[in-house]
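Going by the working numbering, the letters in the sequence shown line up with residues 344 to 541, in that order. Note that beta-carbon positions come from the ideal geometry of N, C-alpha and C, so glycine has one too. Following: one structure in structure tokens, then a few remarks.
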Amino acid sequence: MIAYHEAGHAILGTLLPYTEPVHKVTIIPRGRALGLTQSLPKEDKHILPKTYWLDQIVVAMGGFIAEEFKFGVTSTGSSNDIQQASNIARKMVCEWGMSEKLGTVNYSGDQANVFIGRDMGHSSKYYSEEFAAMIDKEVREIIQTCLNKGRDLVRKNASKFEGLAKALLAKETISHDELMTIVHPANEEGTKKNRKKQ
């Protein structure tokens, strides 16, 4: 299951347009992680758009999507991935103004200004339970949209997904170049032809 889990992260990280390049994928256990998909940024980025964060959620949920697609069930191996995706989605809604429904207001409670409730030693949450439910709903909708996008991509690229998982089972570690050969074979072939001409 680990090979398919990591293949899910890796293939989505390679197919989506706003992700960092996948450096390598491995199913060799390291610490608490049973496998790892490592991405390295091309350059330092300090301002990241909404499209970037949405793709990050899709990639984070890649292992969950892969297990569901291949086995029809999911495992506890997706626990940290779900937490990561949830944290990103909640920051998008509560801190970064990336929710059209809730607007460009910071709902995190980390405010420079002092609110009356907090100043009096009350709860740091300065919005109603009803509004908290709206935030939760928006977070769920973001994650669900990203899940659907990831499921669609894995389904449309099932043969590449399967090929990557089998390559991981055989080699345990797949490099960036090997990954690109599996996911973008036509592009890789074109690159080889160009090298020969040179």
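Glu473 and Gln427 have their C-alpha atoms spaced approximately 25 Å apart. With 16 or more other CB atoms across the displayed protein chains lying within 10 angstroms of its CB, Val526 is buried.
Put simply, the backbone Cα of His366 is about 31 Å away from that of Gly440. Residue state for Thr380 is assigned as strand, using DSSP reduced to three classes. Secondary structure of Val526 (DSSP, three-state): helix. The stretch 393-405 and the stretch 474-484 do not touch, with fewer than 3 CB-CB distances between them shorter than 8 Å. Going by beta carbons, Pro384 and Glu363 fall inside the 8 Å limit.
Boundaries for Thr419: no beta strand (DSSP E) harbours it, and the DSSP string shows neither H nor E there. In the DSSP assignment, Val448 falls outside any alpha helix (DSSP H) and carries neither an H nor an E. Under the DSSP assignment, Thr516 falls outside any alpha helix (DSSP H), being part of the beta strand (DSSP E) whose first and last residues are Thr516 to Ser518. Following the DSSP letters along the chain, one finds Lys367 in no alpha helix (DSSP H) but inside the beta strand (DSSP E) bounded by residues Val365 to Thr369.
The alpha-carbon of Lys444 is positioned some 12 Å away from that of Met435. Taken through DSSP and simplified to helix, strand or coil, Arg498 comes out as helix. Beta-bridge pairing by DSSP links Arg373 to Ala376.
In this model, Leu358 and Ala350 are separated by some 12 Å (Cα to Cα).
For Ala353, the CB contacts under 7 Å within the same chain, skipping 5 residues up- and downstream, are Val365, Val368, Thr380, Leu507 and Leu522 in chain order. Ser471 sits in coil when the DSSP states are folded into three classes, being neither helix nor strand.
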